[in-house]
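In this text, residue positions in the sequence shown follow our numbering: the first is 494, and each later residue adds one.
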Amino acid sequence: MNIVGLLDGKDDKLKNEYIIIGAHLDHVGGQGGKVYFPGANDNASGSAAVMEIAQAFAEGKIENKRSIIFVLFTCEEQGLYGAKYLANHLPVKQEQVVAMMNMDCVGYGDSIQIGNGKSAPQLWQIAKQIDANNDKMMIDATWNGGGADASPFHEKGIPAIYFVTTNSYEHLHELTDKPETLNKALYQQITKLAFLTVKDIAEGKYKREEVQK
Numbered sequence: 494m495n496i497v498g499l500l501d502g503k504d505d506k507l508k509n510e511y512i513i514i515g516a517h518l519d520h521v522g523g524q525g526g527k528v529y530f531p532g533a534n535d536n537a538s539g540s541a542a543v544m545e546i547a548q549a550f551a552e553g554k555i556e557n558k559r560s561i562i563f564v565l566f567t568c569e570e571q572g573l574y575g576a577k578y579l580a581n582h583l584p585v586k587q588e589q590v591v592a593m594m595n596m597d598c599v600g601y602g603d604s605i606q607i608g609n610g611k612s613a614p615q616l617w618q619i620a621k622q623i624d625a626n627n628d629k630m631m632i633d634a635t636w637n638g639g640g641a642d643a644s645p646f647h648e649k650g651i652p653a654i655y656f657v658t659t660n661s662y663e664h665l666h667e668l669t670d671k672p673e674t675l676n677k678a679l680y681q682q683i684t685k686l687a688f689l690t691v692k693d694i695a696e697g698k699y700k701r702e703e704v705q706k
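Here's what the structure looks like:
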């Protein structure tokens with residue numbers, strides 16, 4: 494079951510436009526009743542980042558003109574089922590969703606990458622400029638065609654980008670994906686970047702772009 498929260502926008506007109514930011518909360522879990530895969534990076538890191546961003550907005554000190562939907566997806570590992578469900582059962586009209594941002598495996602690695610930037614180049618450029626003005630941890634490489642839980646939204650024509658760290662898969666689906674392996678400084682930097690990107694889009698200057706497939 495997905496966990497969804499809504500923060501209403503503070504502008505009478507723009508509150509009817511929505512940003513989705515999400516991460517999957519599941520991992521591969523137990524296998525055969527004998528071993529349990531911790532999933533610290535994949536994807537407790539992404540889930541924690543979304544909750545931290547939600548908390549920052551919920552404190553009420555930020556003037557978000559657009560509404561923001563925060564979501565923790567279920568069943569990503571089984572086939573993106575949680576993200577697919579939400580993309581197919583949006584609580585608002587599809588054209589009201591101006592952007593979707595996904596966070597997956599954001600706690601291990603050595604730099605920041607934004608996936609699917611070629612499909613939503615304006616969103617990608619916003620994140621690039623914010624990074625250039627702050628921690629300068631983002632590499633200048635991306636792709637198109639979606640990625641993880643961003644894919645179902647991309648396929649629906651919703652501009653979507655995917656926050657991930659580079660070289661983040663050493664412990665992917667391994668028993669070693671534990672909290673002590675995480676790069677906490679990098680986690681803080683990518684969470685900050687995602688927060689500032691959402692904040693920028695929530696101010697209303699960005700206009701929903703045509704998805705480049």
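The C-beta atom is built at its ideal place from N, Cα and C for all residues, glycine as well.
Check                                                                                                                                                                       : Outcome
Which whole-angstrom value is the C-beta distance of V691 and I546, which I expect to be below 8 angstroms?                                                                 : 6 angstroms
Looking at the structure shown, is Y601 part of a helix, part of a strand, or coil, going by DSSP?                                                                          : coil
Return the chain-ordered list of same chain residues with a C-beta closer than 8 angstroms to the C-beta of L675, the five sequence neighbours on each side being excluded. : A533, N534, S538, G600, Y601
I'd like the span of the beta strand (DSSP E) that includes I496, first residue to last.                                                                                    : 496 to 500
Give the C-beta separation of C598 and V657 to the nearest angstrom, bearing in mind that I take them to be a contact with Cβ-Cβ under 8 angstroms.                         : 5 angstroms
Between the beta-carbon of K558 and the beta-carbon of L507, is there less than 9 angstroms?                                                                                : yes
Which residues in the same chain have their Cβ closer than 6 angstroms to the Cβ of V521, if we skip the five residues on either side of it in sequence?                    : F530, E570, H666
Quick check for students: name the residue ranges of the alpha helix (DSSP H) that lie wholly in the stretch 518 to 562, counting only runs of 4 or more.                   : 539 to 551
Buried or exposed: which applies to T669, given that a residue is buried once 16 or more other Cβ atoms fall within 10 Å of its Cβ?                                         : exposed
Which of the three DSSP states, helix, strand or coil, is assigned to N626?                                                                                                 : coil
Please name the residue in M593, K677, E556 whose C-alpha comes closest to that of G640.                                                                                    : M593
Under 9 angstroms, do E702 and Q589 count as touching if we go by C-beta distance?                                                                                          : no
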